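Take a look at the structure set out below.
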Amino acid sequence: GQQVMQIPQYQHVQEGEDFTTYCNSSTTLSNIQWYKQRPGGHPVFLIQLVKSGEVKKQKRLTFQFGEAKKNSSLHITATQTTDVGTYFCAGAGGTSYGKLTFGQGTILTVHP
Amino acid sequence: NAGVTQTPKFRILKIGQSMTLQCTQDMNHNYMYWYRQDPGMGLKLIYYSVGAGITDKGEVPNGYNVSRSTTEDFPLRLELAAPSQTSVYFCASSYAGLTYEQYFGPGTRLTVT
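These protein sequences, in sequence, are chains A and B.
For the record, in the first sequence the residue sitting at position 94 is 85 according to our numbering, with numbers rising by one throughout.
Position in the second sequence (from 1) plus 175 gives the number in our numbering.
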């Protein structure tokens, strides 16, 4: 079945440093979504990427979808303490109708 | 709109007991999902539904059952609770399928002892 791997599992940064998490799929994806989960909370949708090579920005967050549509990344510039939480990628493949496969997430800790 | 609501928030079960986790959404979404989240393991899909009367298995369906008699409600049934079912359970909904964002409920934290 489809697998989505995410690295690193944990990341500790000082406030102001940059942060990147990477997502790799075992199969070609039709689209990829990113979610953020605050400690003790529930996942909240951030963005969706659909096109090969697509890059989208949300303020300090930059999302990329690989040319082969098998990998993606989320980069945060100049982290803030409000960025703490777990970041998940979730991919949809051609045979996974109606279903997303989530990566295991990257837990981000930001030290003030 | 309340979005996706789940009850209860917390529950402790003894091995072998049964319970139903409730999930309701008021966004008129066709698709609904049940996930479980274990520490450091991401979200695993248990069951999903593409509309009232239609359900299908996800990645980890064993030990669970679902029904979808209305668009709004998607309860998850645990028949014989086992310690391996200790987890946080999230219900989610989306307007349609793969290209639509999923809205998650606040979760139910279940402990089986």
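Note that the Cβ used here is the ideal one computed from N, Cα and C, for glycine as well.
Just so it is clear, the structure is predicted and the values come from calculations on it, not from any experiment.
N-terminal and C-terminal residue of the beta strand (DSSP E) that residue i is part of
i, result
"G217 of chain B", "Counting along the chain, G217 of chain B falls outside any beta strand (DSSP E), and DSSP gives it neither H nor E."
"Y275 of chain B", "That residue, Y275 of chain B, is in no beta strand (DSSP E); it is neither H nor E in DSSP."
"V263 of chain B", "S262 to S269"
"P34 of chain A", "P34 to L40"
"H204 of chain B", "Run containing H204 of chain B: none; DSSP gives neither H nor E here."
"I253 of chain B", "The sequence given here has Leu at residue 253 of chain B, not Ile. L253 of chain B -> beta strand (DSSP E) spans L251 to L253."
"D231 of chain B", "I229 to K232"
"T195 of chain B", "M194 to Q200"
"S16 of chain A", "F10 to S16"
"Q181 of chain B", "V179 to T182"
Buried versus exposed, by CB contacts within 10 Å (16 or more), residue i
i, result
"T153 of chain B", "With chain B running from 176 to 288 in the structure shown, residue 153 of chain B is simply not present."
"L255 of chain B", "exposed"
"Y1 of chain A", "exposed"
"S259 of chain B", "exposed"
"R243 of chain B", "buried"
"N62 of chain A", "buried"
"N22 of chain A", "buried"
"D74 of chain A", "buried"
Sheet register partners of residue i (DSSP bridge)
i, result
"I187 of chain B", "B:T286"
"N22 of chain A", "A:A83"
"T100 of chain A", "A:H3"
Presumed contact (8 Å Cβ cut-off) between residue i and residue j, rounded CB distance
i, j, result
"L251 of chain B", "L188 of chain B", "With 8 Å as the limit, L251 of chain B and L188 of chain B do not qualify as a contact, their Cβ atoms being about 13 Å apart."
"G44 of chain A", "E58 of chain A", "5 Å"
"N205 of chain B", "A267 of chain B", "That pair is no contact at about 13 Å."
> Which residue spans inside the stretch 50 to 98 of chain A form an unbroken beta strand (DSSP E) run of at least 3?
Replying inline: 52 to 56, 62 to 67 and 76 to 84
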